[in-house]
Amino acid sequence: MRAEILVPLLAAAVQSGTPILYATLGEIITEKSGVLNLGVEGIMMVGALAGFLVSMYTGNPIMGFVAGGVFGALIAGIHGLVCLVFRGNQVVSGLAITILGTNLANYLGTPYVGKAAAGFGMLPVPYLSKIPIVGAILFRLDMLVYISYFVPFIVWIFLRYTRWGLGLRAMGENPEAGSAGGLGVMAYRWGGILAGGFLVGLGGAYLSLAYTHLWANGLSAGRGWIAVALVIFAFWKPGRAMLGAYLFGGVMAFQLRLQATGTNLPSSLLLMLPYALTVLVLVLSSWKAEGSDAPAVLGVNFEPVE
Amino acid sequence: MLAVKIVRKQEASIWNSCFLFFAAIAVSLGISALLLIMHHKSPLDGIELLFRGAFGSLWALEESLLKGIPIFLCSLGVATTFRLQIWNIGAEGQFALGAVGATWVALLYPDLPPVLLLLLMLLISLAAGGVWALIPAVLKIRLRANEIIVTLMLNYLGILFLDYLVYGPWKDPVSFGFPMTPEFSSNAILGTIGGTRINWGVVLCLVLGLAVWIALRYSRLGYELKASGENVKAARYAGLPYNRLVILVMVFSGALAGCAGFLEVSANLNRLQPSVIAGYGYTAIVVAWLARLNPLYIGVASYLLAGLKVGVENMQLELQVPAAFGGILEGLILLTVLAGGFFTQYTIDIRRRE
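Protein chains in written order, with the working numbering: chain A, 920 to 1225; chain B, 36 to 389.
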């Protein structure tokens, strides 16, 4: 393929992979603490709407972006309340969060469909954007993409080398031992849920503030579920999450471009691509799962022994 | 000093669960009322419209029963997989495939005698839904692929496939551009009972519900499902055919959802069109959990949640409330039931510390 086609496509891949990257990293943190949160899709939608509305009413997209994270954490907090305080089933609670979040965003967002809000525009990085090819792919995008380059690294350092990160991982490996060692299982799991929800919410806000600048109901279109699958593909490792997110970003960008060029293929068949790829990727990474950092007790509620 | 201890109960009582169910609905309605206020609607009018729309007239009662049929069938299936701790979230897609399968037969052989044609439509819809659920089951037991994500992705794929057919090869040439197939021949339309609008699917629901209830309670299979669901490792160790059970419940669940798709296109819409996808597959999950996976309670809960859907449609018409209102209610009900389950499973023991 010629460079003038490939380079913009790869840049678009990075851009459309970015919301998935934020969401995948969020879910990695939550799952590392031993809590499965299947509400990612719903949390993303709430983050997207909160980001959009705050940016629209304040005119400040940065505040919008942060609001997306905060509201993401709030909705994730409902999951925490149900699972950590009331010991409800984590799978079902996550599904309920998805049902609630997507419908809440569609309900509250209905009056704003098609309206625009101040968002993030292209902001080429000085010097770096001049690098041939790489500059055009990675450094002529928006600010939130540049931030997302650092987040996997921060998450990795946090989980691997900090005391809090170690404590958080302990709750996903052996909460009984962690609890006996004097660590608060619930405190760490709350941390995992809220921090994860914050990142997922940021991913949602990216959709409405940088990817589209417009509100549309059902904006996330399954990206939250793709993120849940990518956690498995990434073996719970932030670096691999980046790879996976851009792979999916690439497929989505490619499919949009094909539609725009007016191909003969019906759009419903093209739209199947990311979902079919999710199944494929999930199967491949579940099949050969050596080297995976999966938490040992994912999705099981902690019951203190008397 | 007081000491608070949380103790697991030996057995949850039915009355507790029943109370919990209605408490959950009340709490959810309360929260939803706040949402109505945010949209500058009167919450009392809204809730009145909801109930009057759902249960306030013969037409409403019939409509709720009609919508309850697909919800019941999907829910009966997914509840069986949940018993085994297998999470089939894919009833929506299996329903779509069933509708597609039935439509395929109806369009292919419009002139077969009614009984034969309907039976063939039913069979193909069972097979189509079953196959759509077999894929995640096989991927799970052979390759350990997470069934939650695979079934969910197959929902997107199944619905897009349905869209492809009604926008493309199966589109009615005289539909003025609307995405729908031609109307089925009268032979492919399942009749109604007596002078009502209720189709024969409701009888099927009764028979199936009873059969599953008896099978779960009294048969060896029911026992195996229960044992395997409670402890997979122990069940495998005891020689129970876990993999076979997974395949069985998944195909059963998919076939039921497929059958619901058949009833919907044959009896209600009389053609295939995108509006056949109405979220029954997701509501079914809510219902299954509300009913604590018990087939008889699933019947009751299906009817109530179908009523909510009908009531919300009434609110949409009268108050211009967005359709998503119904989904919010479902999400809230599920969350409150999950949280409230705590009080049926545990007792809080507060004592003065010695």
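All C-beta atoms, glycine included, are put in the ideal place defined by N, C-alpha and C. Since we're looking at a predicted model, the values are computed, not measured.
*asked:* Whole angstroms are fine: how far does the CA of leucine 1121(A) sit from the CA of glycine 1038(A)?
replied: Looking at the two C-alpha atoms, the distance is approximately 13 angstroms.
*Kindly confirm or deny that the stretch 1209-1221 of chain A and the stretch 328-339 of chain B touch, where touching means at least three C-beta pairs closer than 8 angstroms.*
With a cut-off of 8 angstroms, the stretch 328-339 of chain B and the stretch 1209-1221 of chain A do not count as touching, because too few Cβ pairs lie within range.
*Element boundaries [alpha helix (DSSP H), containing arginine 1176(A)]*: It spans 1157-1179 - the alpha helix (DSSP H) in which arginine 1176(A) sits, taken as one unbroken run.
*Can you tell me which of Gly342(B), Leu243(B), Leu352(B) puts its alpha carbon nearest to the alpha carbon of leucine 93(B)?*
Closest in C-alpha terms to leucine 93(B), from the list Gly342(B), Leu243(B), Leu352(B), comes Gly342(B).
*Does the beta carbon of arginine 179(B) sit closer than 8 angstroms to a beta carbon anywhere in chain A?*
Interface residue, yes.
*If you compare alpha carbons, which of Val926(A), Gly1020(A), Ala1164(A) is closest to alanine 967(A)?*
That would be Gly1020(A), whose Cα lies nearest to the Cα of alanine 967(A).
_Taking DSSP's pairing of strands, which residues face leucine 1133(A) in a bridge?_
Answer is Ala1035(A).
*Report the rounded CA-to-CA distance for glycine 1103(A) versus alanine 1089(A), giving the unit in angstroms.*
Cα-Cα distance, rounded: 11 angstroms.
*Per DSSP, tyrosine 381(B) forms a beta bridge with which residues?*
In the DSSP assignment, tyrosine 381(B) forms a beta bridge with Arg43(B).
*To the nearest angstrom, how far is it from the Cα of glycine 961(A) to the Cα of glycine 1143(A)?*
Their Cα atoms are separated by approximately 8 angstroms.
_Three-state secondary structure assigned by DSSP to asparagine 303(B)_ = In the three-state scheme derived from DSSP, where H, G and I count as helix and E and B as strand, asparagine 303(B) is classed as helix.
*Counting only beta-carbon atoms, is serine 1211(A) nearer than 8 angstroms to chain B?*
The Cβ of serine 1211(A) sits no closer than 8 angstroms to any Cβ of chain B.
_Please report the straight-line C-alpha distance between proline 1051(A) and glycine 293(B), rounded to a whole angstrom._
For proline 1051(A) and glycine 293(B), the gap between their C-alpha atoms comes out near 54 angstroms.
_Residue closest to valine 201(B), alpha-carbon to alpha-carbon, out of Leu187(B), Pro217(B), Ile383(B)_ = The shortest C-alpha separation from valine 201(B) is found at Pro217(B).
*asked:* Can you give me the C-alpha to C-alpha distance between asparagine 1008(A) and valine 322(B), rounded to a whole angstrom?
replied: Rounded to the nearest angstrom, the two C-alpha atoms are 15 angstroms apart.
*If the cut is a Cβ gap below 8 angstroms, which residues of chain B does methionine 1191(A) touch?*
Here the neighbours are Tyr191, Leu192, Leu195, Phe196.
*Output, in chain order, the set of chain A residues within a Cβ distance shorter than 9 angstroms of glutamate 98(B).*
Contact annotation for glutamate 98(B) against chain A: no contact, minimum CB-CB distance about 21 angstroms [criterion: below 9 angstroms].
*threonine 1017(A) - containing alpha helix (DSSP H), residue span*: According to the DSSP assignment, threonine 1017(A) belongs to the alpha helix (DSSP H) that extends over 1009-1028.
_Selected residue, minimal CA-CA separation from proline 309(B), among Leu151(B), Leu197(B), Arg177(B)_ = Of all alpha-carbon atoms in Leu151(B), Leu197(B), Arg177(B), the one lying nearest the alpha-carbon of proline 309(B) is that of Leu197(B).
*If you drop the 5 nearest sequence neighbours on each side, which residues of the same chain put their C-beta closer than 8 angstroms to that of phenylalanine 86(B)?*
Same-chain partners within the cutoff: Gly346.
_tyrosine 1134(A) to isoleucine 1016(A) span [Cα, whole Å]_ = For the record, residue 1134(A) in the displayed sequence is tryptophan; it is not tyrosine. Going by C-alpha positions, tryptophan 1134(A) is about 21 angstroms away from isoleucine 1016(A).
*Name the residues in the stretch 1167-1201 of chain A whose C-beta lies less than 8 angstroms from a C-beta of chain B; which are they?*
Answer in chain order: Pro1185, Ser1187, Leu1188, Leu1190, Met1191, Tyr1194, Ala1195, Thr1197, Val1198, Leu1201.
*Could you pull out every residue in the same chain whose Cβ sits closer than 8 angstroms to the Cβ of glycine 1100(A), ignoring the five residues on either side in sequence?*
Counting only Cβ-Cβ distances below 8 angstroms, and skipping sequence neighbours, we find Ala1089.
*Answer yes if the stretch 153-171 of chain B comes into contact with the stretch 102-110 of chain B, meaning at least three C-beta pairs across the two stretches below 8 angstroms, and no otherwise.*
Touching, no, given that fewer than three Cβ pairs across the two stretches are closer than 8 angstroms.
_CB contact below 8 angstroms: tyrosine 976(A) versus chain B_ = Judged by the 8 angstroms Cβ criterion, tyrosine 976(A) is not in contact with chain B.
*If you run the structure through DSSP and keep just helix, strand and coil, what is alanine 38(B)?*
The answer is strand: DSSP assigns alanine 38(B) an E or B state.
*Sequence-distant residues of the same chain with beta carbon closer than 6 angstroms to glycine 1013(A), five excluded per side*: Within the same chain, glycine 1013(A) has close Cβ partners Asn956, Leu957, Gly958.
*Give the interface partners of glycine 362(B) over in chain A, defined as CB-CB distance under 9 angstroms, in chain order.*
Residues of chain A whose Cβ lies closer than 9 angstroms to the Cβ of glycine 362(B) are, in chain order, Ile1018, Leu1019, Thr1021, Asn1022, Leu1023, Asn1025, Tyr1026.
*asked:* Once the 5 residues before and after glutamate 365(B) are set aside, which same chain residues still bring their CB inside 8 angstroms of it?
replied: Beyond the five residues adjoining it in sequence on each side, glutamate 365(B) comes within less than 8 angstroms, by CB distance, of Tyr317, Thr318, Val321, Leu340, Leu343 in the same chain, given in chain order.
_histidine 998(A) classed as buried or exposed, judged by whether at least 16 other C-beta atoms fall within 10 angstroms_ = When all chains shown are included, histidine 998(A) counts as buried.
*Go through its chain and collect everything with a Cβ distance to leucine 1113(A)'s Cβ below 8 angstroms, but skip five positions before and after it.*
Around leucine 1113(A): Ala992, Ala995, Gly996, Gly999.
*Could you name the residues of the same chain whose beta carbon sits closer than 6 angstroms to that of glycine 1086(A), not counting the 5 residues immediately before and after it, in chain order?*
Within its own chain, the residues whose Cβ lies closer than 6 angstroms to the Cβ of glycine 1086(A), once the five positions on either side in sequence are excluded, are Leu1102, Tyr1107, listed in chain order.
*Does the Cβ-Cβ distance between glycine 1054(A) and leucine 1063(A) come in under 8 angstroms?*
It is not a contact, given that the beta carbons lie outside the stated cut-off.
*So is phenylalanine 1005(A) in contact with chain B if we call contact Cβ pairs under 8 angstroms?*
Yes, contact with chain B.
*Using a cut-off of 9 angstroms between C-beta atoms, extract the partners of phenylalanine 54(B) located in chain A.*
Within chain A, no residue comes near phenylalanine 54(B); the closest Cβ sits about 16 angstroms away, beyond 9 angstroms.
*asked:* In this structure, how does DSSP classify asparagine 222(B) when only helix, strand and coil are distinguished?
replied: Looking at asparagine 222(B) - three-state DSSP - the assignment turns out to be helix.
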